[in-house]
Amino acid sequence: MNNKDQILFNFKLNKNYLDQDYYLSSSNQEAYKLINCWPKWIKKTINLYGEKFSGKSHLASIFEKKTACIKVFSRKFSDETIQNFKTKQAVIIEDLDENFSENLLYTVLNIIEQENKYLLITSLEPLNKFNFKLPDLISRIRNCLIIGIKNPDDNLIYALLIKYLSDRQINIDKKLIEYIIKRIDRS
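Residue numbers (my numbering): 661 to 847.
Listed below in structure tokens is the structure:
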């Protein structure tokens, strides 16, 4: 049987992003603690960065459940969004990249500062590595707390594999899981 003759099942799993479903390890513990110490953040703006599937969105969802906030993906962020978040205590901007309007980001950072609100930005790279041109924006970015999620260690990979397999009611031998852990891509 070749690949095009195979029938694949597309089992959709709900992503609930619950606090108790977030697995901790040395790679993500600092970010998790920071999200959970809100509102006692030392800075009003947090940039949480890490590779795809590192857990940024899960942490953002945990934060969202703790606050009266608005959560928007960067590609959908607009001037209208700014009007909507003025009544909220926090804003989450997911997946920020260098295509985001510098003027819009500067406006958001000013509102956060002036109105004593909180901002959580997730991105693949730290904001201080972006090639922003607006000097005032660069200055505001320097005042953000930037925290990264590192690549997962073996213990986290093991826990996640067990969880994902369990969610799908798949039982496999422990030795096979150890085999996978030694060979799985960490990025």
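Beta carbons: idealized from backbone N, C-alpha and C, even for Gly.
Secondary-structure assignment with DSSP links Lys-731 through a beta bridge to Ile-752. Straight through space, the alpha carbons of Asn-670 and Ala-728 are spaced by roughly 34 Å. Distance from the CA of Cys-804 to the CA of Glu-773, rounded to the nearest whole angstrom, comes to 11 Å.
Annotation for Asn-707: the continuous beta strand (DSSP E) segment containing it runs 705 to 709. Closest in alpha carbon position to Trp-701, among Lys-731, Phe-760 and Ala-691, is Ala-691. Contact between the stretch 735 to 745 and the stretch 808 to 818 is absent: fewer than 3 CB-CB pairs across the two stretches fall below 8 Å.
The C-beta distance from Leu-756 to Ile-730 rounds to 15 Å, too long to meet the 8 Å contact threshold. Judged by DSSP secondary structure, Leu-780 falls within the beta strand (DSSP E) whose first and last residues are 778 to 783.
Counting along the chain, Ile-801 sits inside the alpha helix (DSSP H) bounded by residues 795 to 802. For Ile-807, there is no enclosing alpha helix (DSSP H); the enclosing beta strand (DSSP E) has its first and last residue at 805 to 808. Bounds of any alpha helix (DSSP H) do not take in Leu-684, whose DSSP letter is neither H nor E. Using a C-beta cut-off of 8 Å, the stretch 822 to 842 makes no contact with the stretch 791 to 801, since fewer than three inter-stretch Cβ pairs fall below that distance. Using a Cβ distance threshold of 7 Å, Tyr-709 and Ser-783 count as a contacting pair. Nearest to Asp-813 by alpha-carbon distance, out of Lys-726, Gln-689 and Glu-775, is Gln-689. Cβ neighbours of Ser-714 within its own chain (closer than 7 Å, five residues either side excluded): Ile-809. Take Arg-843, set aside five residues on each side of it, and no residue of its chain has a beta-carbon closer than 8 Å to its own. Nearest neighbour of Ile-801 by Cα position, chosen from Ile-830, Glu-762, Arg-735 and Asp-833, turns out to be Glu-762.
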